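> Mind looking over this structure? Questions follow.
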Amino acid sequence: MNEARRRGPIARVLVGIWDAVNFSRRLVFNLLFLLLVVLFVAILASREGATPLLERTTLVIAPEGRIVEQYSVDPTSRMLSRAMGQTGPGEVQLRDLLRAMDAAAQDDRIERVYLRVDGLLPSGMATMREVAAGLRALRESGKQVIAYGQGMPQGSYLLAAQADEVYVDPMGSGVVLEGLASYGLYFGEALREKLDVDVHVFKVGEFKSAVEPYILDAASTEAKEADFYWLNDIWQRYLADIAHARGLDVARIEADIDGMADGIAAVGGDMAQYALQGGLVDGLMTEQQVEALLAERGVADADADPGFRSIDLDGYLAHVDSSVGSALSRRPQVAVVVAEGMIVDGERGPGGVGGVSTAALLREAREDDDVRAVVLRVNSPGGSAYASEQINREVELLKEAGKPVVVSMGYVAASGGYWISMNSDRIYADPSTITGSIGVFGMVPNFTRTLDRLGVHSDGVGTTRYAGAFDLTRPLEPDVGRVIQASVEHIYRNFVGKVAQGRSRTPEEIDAVARGRVWSGAQARDRGLVDELGGLREAIADAAGRAELAEDGFRVRYIEQPLSPFAQFLAGMGRSGAMAALFGDSALAQRLAVRALPEMERHLAAFEVAMDRPVAGPVRAMTYCFCPTF
Numbered sequence: 057m058n059e060a061r062r063r064g065p066i067a068r069v070l071v072g073i074w075d076a077v078n079f080s081r082r083l084v085f086n087l088l089f090l091l092l093v094v095l096f097v098a099i100l101a102s103r104e105g106a107t108p109l110l111e112r113t114t115l116v117i118a119p120e121g122r123i124v125e126q127y128s129v130d131p132t133s134r135m136l137s138r139a140m141g142q143t144g145p146g147e148v149q150l151r152d153l154l155r156a157m158d159a160a161a162q163d164d165r166i167e168r169v170y171l172r173v174d175g176l177l178p179s180g181m182a183t184m185r186e187v188a189a190g191l192r193a194l195r196e197s198g199k200q201v202i203a204y205g206q207g208m209p210q211g212s213y214l215l216a217a218q219a220d221e222v223y224v225d226p227m228g229s230g231v232v233l234e235g236l237a238s239y240g241l242y243f244g245e246a247l248r249e250k251l252d253v254d255v256h257v258f259k260v261g262e263f264k265s266a267v268e269p270y271i272l273d274a275a276s277t278e279a280k281e282a283d284f285y286w287l288n289d290i291w292q293r294y295l296a297d298i299a300h301a302r303g304l305d306v307a308r309i310e311a312d313i314d315g316m317a318d319g320i321a322a323v324g325g326d327m328a329q330y331a332l333q334g335g336l337v338d339g340l341m342t343e344q345q346v347e348a349l350l351a352e353r354g355v356a357d358a359d360a361d362p363g364f365r366s367i368d369l370d371g372y373l374a375h376v377d378s379s380v381g382s383a384l385s386r387r388p389q390v391a392v393v394v395a396e397g398m399i400v401d402g403e404r405g406p407g408g409v410g411g412v413s414t415a416a417l418l419r420e421a422r423e424d425d426d427v428r429a430v431v432l433r434v435n436s437p438g439g440s441a442y443a444s445e446q447i448n449r450e451v452e453l454l455k456e457a458g459k460p461v462v463v464s465m466g467y468v469a470a471s472g473g474y475w476i477s478m479n480s481d482r483i484y485a486d487p488s489t490i491t492g493s494i495g496v497f498g499m500v501p502n503f504t505r506t507l508d509r510l511g512v513h514s515d516g517v518g519t520t521r522y523a524g525a526f527d528l529t530r531p532l533e534p535d536v537g538r539v540i541q542a543s544v545e546h547i548y549r550n551f552v553g554k555v556a557q558g559r560s561r562t563p564e565e566i567d568a569v570a571r572g573r574v575w576s577g578a579q580a581r582d583r584g585l586v587d588e589l590g591g592l593r594e595a596i597a598d599a600a601g602r603a604e605l606a607e608d609g610f611r612v613r614y615i616e617q618p619l620s621p622f623a624q625f626l627a628g629m630g631r632s633g634a635m636a637a638l639f640g641d642s643a644l645a646q647r648l649a650v651r652a653l654p655e656m657e658r659h660l661a662a663f664e665v666a667m668d669r670p671v672a673g674p675v676r677a678m679t680y681c682f683c684p685t686f
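Following this note's numbering, the numbering of the sequence shown begins with 57 at its first residue and continues without gaps.
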């Protein structure tokens, strides 16, 4: 008798139900797969790259969100999000902006560039200066650049100021130049008095201020002194940059900023008119008027959305990529490895730096015979000392393998970000890069008083005086604190010694400019912490020269960590839904969130990493800088 005949009536019902469920499961997955296929086909069919690039085309550069070194989500997720109409703070890669501007400068089909800065978020002054340099090169090539925005904060204005003509909306906020600031949140009273949390701090360096928000109610005198020194250097350079671009006098710009209240009152509160009066813009126009001007100067196209023949950044890059011949792929490579974000132990995807994952990318470059040199692009405030050393070791192995390593610092390469840079063959930084912060700290929060207030107590036995001594629910004994402080001091001496070796200095010379102090890129060069002032392109050219590659005899290849598109897509949907539920349609709340949430996120992320006790050792040593983004 076969198995089917042996089944009873209940078993047959259950089997039938299971067959129905199994059929439904397969049907749903097949339909989902079919839907994804149709969606991808539709997206590919609608790609801007299919649009022909005609003569007298205007290239529209309208960055949305932050300018980053690499996307924090993969291309598939971004493409799906755009297809589904999802909006919100986005990202644009610096390399894409530079590549498009370099190509447009040599492309006879591109007649002019229309720069829209409304959607641009603060991305770091050094990053903005690299883009500004690309815009200047466009103008020098003979391309007209026209910039427009409803209103322009000072970061966006640095880009707009490079244009031949700058326009703002007559009803907009004009150009808001307010200066640079480094203000942070201080949780000392909240932790001590409100939450009954005792935060024990162990550090080396009177300027290592990353721990201050957790133990103080205001910034220390040393922190304010050091911060103002590098902030003012960057600010004075910014003023000089826009004064040169606009043909203005720095003293006049400073006077207009200081007298802003009286000046705006004199023009009836019209901030756009105040910007025009100060020579910061060339005219007040609506978006429609600017587009009509571009249609008049270019080729009018009633079927195009802006009313003139144009192509956007993504569409133009598709043309640039399609024009690259197969011969380029056979050339030797200068590899670029990006280290952007907080440095943490283990694996980390784009937008973060993992000791294991970033070291693996450098190892891939070392083991690839086609890679002749490496540029490590650092845009990181630091993080875990151990993870930083893992990456530093791979830099040393690359050099031992005979492959030059050149570091290009982005807007910030401080503390752990400097650690992973120090042993390269050459360090490039923008004059406005935030770097230095050579110092080490550890934090041990203690929750004994918090638990006592709740009626919860910790008790037990241990085989030695240190067994359980690092438990966050037990008071920290003085001898335990001595152990942690000694460990932090050892790591600091190691840090300073490695910098001294890499920079051909004595430990005493490095200690004099270290101790947690932050410097601008220009100040760091004056103190021997940086070799050259320049951006990513200069670093790539240097690396190629060290590998004895001809100027046109190599290609640049970014070595990046692959991610799961589906996982990132789901994460992106979740974040979008959470933001929508939290802030709804409030534009004001969303603008406040853009400024407030990153600050809170940085504090929480650093606190979480510092609290995470390593597998071996009493406390996680941190090399981190709370460096502002503007």
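Positions of the beta carbon are idealized from the N, C-alpha and C atoms, including for glycine.
From a predicted model like this one, the values you see are computed outputs, not experimental measurements.
Rounding to the nearest angstrom, what Cα-Cα distance links Gly402 and Leu417 in this structure?
So the alpha carbons of these two residues sit roughly 13 Å apart.
> What's the C-alpha gap between Gly498 and Arg505?
Distance between the alpha carbons of Gly498 and Arg505 is about 21 Å.
> On the DSSP bridge assignment, give the partners of Phe364 in chain order.
DSSP, once it has assigned bridges, lists Ala356 as partnering Phe364.
> Can you find at least 3 beta carbon pairs, one from the stretch 396–411 and one from the stretch 430–445, that sit closer than 8 Å?
Short answer: they touch.
> The beta strand (DSSP E) with Ser436 in it runs from where to where?
That run of the beta strand (DSSP E) goes 427–436.
> Relative to the C-alpha of Ala156, which candidate in Ser480, Asp174, Thr114 has its C-alpha closest?
Measuring from the Cα of Ala156, the nearest candidate turns out to be Thr114.
> Between the C-alpha atoms of Arg611 and Leu241, what's the straight-line distance to the nearest angstrom?
Using only the alpha carbons, I get a separation of about 45 Å.
> Please report how far the alpha carbon of Cys681 lies from the alpha carbon of Ala219, in whole angstroms.
The alpha-carbon atoms of Cys681 and Ala219 are separated by roughly 34 Å.
> What are the uninterrupted segments assigned as alpha helix (DSSP H) that are 4 or more residues long and contained completely in the stretch 297–325, given in chain order?
Listed in chain order, the complete alpha helix (DSSP H) runs (minimum 4 residues) inside the stretch 297–325 are 306–314, 316–322.
> Output needed for Val306: all residues of its chain with C-beta closer than 7 Å, excluding positions within five of it in sequence on either side, in chain order.
Cβ within range, chain order: Leu295, Ala296, Ala299.
> Among Ile596, Ala525, Gly146, Glu281, which one has its Cα closest to the Cα of Val536?
Measuring from the Cα of Val536, the nearest candidate turns out to be Ala525.
> So, are the CB atoms of Gly180 and Gly466 less than 8 Å apart?
Cβ distance < 8 Å, so Gly180 and Gly466 count as in contact.
> Within the same chain, show all residues whose beta-carbon is closer than 8 Å to that of Val253, passing over the 5 residues directly before and after it, in chain order.
So the list reads Leu247, Pro501, Asn502, Phe503, Arg505, Thr506, once near-sequence residues are dropped.
> For Gln126, count neighbouring C-beta atoms within 10 Å of its own C-beta (all shown protein chains included) and say buried if the count is 16 or more, exposed if not.
Buried, by the Cβ-count rule.
> Does DSSP put Asp254 in a helix, a strand or coil?
If DSSP states are grouped into helix, strand and coil, Asp254 belongs with the strands.
> Would Met227 be called buried (16 or more neighbouring beta carbons within 10 Å of its own) or exposed?
When all chains shown are included, Met227 counts as exposed.
> How many Å lie between Cys683 and Ala429 at the Cα?
Between Cys683 and Ala429, the C-alpha separation is close to 30 Å.
> In terms of residues, what are the limits of the alpha helix (DSSP H) holding Pro563?
From DSSP, the alpha helix (DSSP H) with Pro563 extends over 563–569.
> Indicate whether the contact test is met: 3 or more Cβ pairs, each with one atom in the stretch 590–610 and one in the stretch 149–165, closer than 8 Å.
The stretch 590–610, when compared against the stretch 149–165, does touch it at the 8 Å Cβ threshold.
> Could you pull the start and end residues of the alpha helix (DSSP H) that Ala161 belongs to?
Where Ala161 is concerned, the enclosing alpha helix (DSSP H) stretches over 150–162.
> Roughly how far, in whole angstroms, is the beta-carbon of Gln200 from the beta-carbon of Val224, given that I think they are within contact range, below 8 Å?
With a Cβ gap of about 18 Å, Gln200 and Val224 do not count as contacting.
> DSSP three-state label for Gly240, please.
Of the three classes helix, strand and coil, the one that applies to Gly240 here is coil, per DSSP.
> Would a C-beta distance cut-off of 8 Å place Ala441 and Met678 closer than the cut-off?
Contact flag set, yes.
> I'd like the span of the beta strand (DSSP E) that includes Gly466, first residue to last.
That run of the beta strand (DSSP E) goes 461–470.
> Round the Cβ separation of Leu191 and Leu215 to the nearest angstrom and send it over; I've been treating them as touching at under 8 Å.
Between Leu215 and Leu191 the Cβ distance is about 6 Å, and since that is below 8 Å, they are a contact.
> Less than 6 Å between C-beta atoms, sequence neighbours within five positions excluded: which residues of the same chain meet that for Gly472?
Cβ within range, chain order: Ile399, Gly438, Gly439, Ser444, Thr679.
> Tell me which residue opens and which closes the beta strand (DSSP E) that Asn479 is part of.
Neither: Asn479 is in no beta strand (DSSP E) and is coded neither H nor E.
> In chain order, what residues of the same chain lie with their CB nearer than 6 Å to the CB of Asp174, ignoring the 5 residues before and after it?
Cβ neighbours of Asp174 beyond the five flanking positions: Gly205, Gln206.
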